[in-house]
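What follows is one structure encoded as structure tokens, with my remarks underneath.
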Amino acid sequence: MFVIVWTFPLVWLMICHPCLAQESNRSIDITNVQCIIYNISMLNCTWDTTKEVPEGSQFIVHFKQDKHAEACYLYIQKKQKEHFKCHFQQVEIKYKELQKINISVNGSSKDYKMNTYSELFNPFSIEKLNPPVNVSLSLSANNIILTWEQPPTEYNFSKKCFNYEIKDSNDVKSLRSFTGNESISIISPRADTSIMAFQVRVNGHSRCRNSGIWSDWSVVYLKQNHIPKYVGPVVASVIITLILVISFFLCKRLQIKDTLFPPIPDPKKPFIGLFQSHNKDFKQWIGGDAFTETTEQEETVTMKVV
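Count the sequence shown with mature numbering (1 follows the signal peptide of the UniProt record, and there is no 0) and you get residues -21 to -1, 1 to 285, in order.
Right under this line is the structure:
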């Protein structure tokens, strides 16, 4: 009797085990399901499978929150195992009641059995906010003033419910975090570039909601009138040269040169006439009448002393 009791399960396993193994080999599990809400009302879900899905298979993604339900259909055109995606164009998502979203993925195939996957998601946890809007950048003497506005959402939260990150595109180590601000003054030296670029992104703060997915970066550019270091000496040299050239032409035109710098007398010139026009006659050259020799006849007076 004891032998019969133990023999029956062993026989059953020997007969059914190959069938169970074969059934396991003919099934596909859905794994790595990830969903993201973006642009306020759009929903994307992606997933992988444990085996290659044959051509002609079909997946259905079901979205359900409270009484609202939608479905997304995906038809497989070629064999693949990874990166399946289904897109919901417009989905009505409720945030205030904190009702979770039920996402289920199931499929059908002529060759395999698709095992259904189901998961609950917090809508805040899978939400990717739009980037901050109306981002602007201005410069003061020593500060860089960056301003932005909170992106539009389906709910009205206070400013303290949002985190922001800011970074300078010219400095990879400049990442800074702020909570609730929509304007910030950054004390920073001006970069040696003609164009400055700052980036801002946003996420939810845990004090009000689950932190979601960081938004894309908003980029703002500001062109500054940057003067290279070598321009100063070059400009000074050009100005000095221009002043010297103008001064030279003014002196030449107004004959200021002879007044400021009179010529040195040449002793050769006064003697030219002595040898050319007066035939070496010195008296005639200097004016003979002035030095004409006059002789007066001497008169002798004899006086007799008595």
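We put the CB at the ideal spot given by N, CA and C, even for glycine. Note that the coordinates shown come from a computational prediction; the quantities given were computed from them, not determined experimentally.
Query: The stretch 96 to 105 in contact with the stretch 7 to 15 per 3-pair CB rule at 8 Å; Result: yes
Query: Expected contact under 8 Å - CB spacing of V70 and S20 to nearest Å; Result: 6 Å
Query: Residue ranges of each beta strand (DSSP E) within the stretch 79 to 125, 3 or longer; Result: 80 to 87, 96 to 100 and 112 to 118
Query: As assigned by DSSP and simplified to three states, the class of C140; Result: helix
Query: 8 Å Cβ cutoff met for D27 and F63; Result: yes
Query: Limits of the beta strand (DSSP E) - the one that C65 falls within; Result: F63 to F67
Query: CB of K57 within 8 Å of CB of Y134, strictly; Result: no
Query: CA-to-CA distance, I192 to L154, given in whole angstroms; Result: 17 Å
Query: Contact test: D150 Cβ vs the ligand NAD heavy atom, cutoff 7 Å; Result: Questions concerning the ligand NAD fall outside what the structure shown contains, since it holds no ligand whatsoever.
Query: L221 in three-state terms, based on DSSP; Result: helix
Query: Bridge-paired residues (DSSP) for V70; Result: DSSP, once it has assigned bridges, lists no residue as partnering V70.
Query: Beta-bridge partners of T29, as assigned by DSSP; Result: Answer by DSSP bridge pairing: none, since T29 is not bridged.
Query: Per DSSP, the bridge partner or partners of F38; Result: L53 and G86
Query: Separation of C24 from E144, as counted between CA atoms; Result: 27 Å
Query: Residues near K138 in its chain [Cβ-Cβ closer than 6 Å; skip 5 each side]; Result: G159
Query: Neighbourhood of C65 by C-beta, 6 Å cutoff - its chain only, sequence neighbours within 5 removed; Result: C24, V40, C51 and L53
Query: Inter-residue CB distance, I16 and Q44 (contact presumed, cutoff 8 Å); Result: Not really, about 11 Å apart at Cβ, beyond 8 Å.
Query: Run of the beta strand (DSSP E) containing Q13, from where it starts to where it stops; Result: I9 to Y17
Query: Rounded straight-line distance, which links the Cα of I7 to that of V181; Result: 39 Å
Query: Where N23 sits in the DSSP three-state scheme; Result: strand
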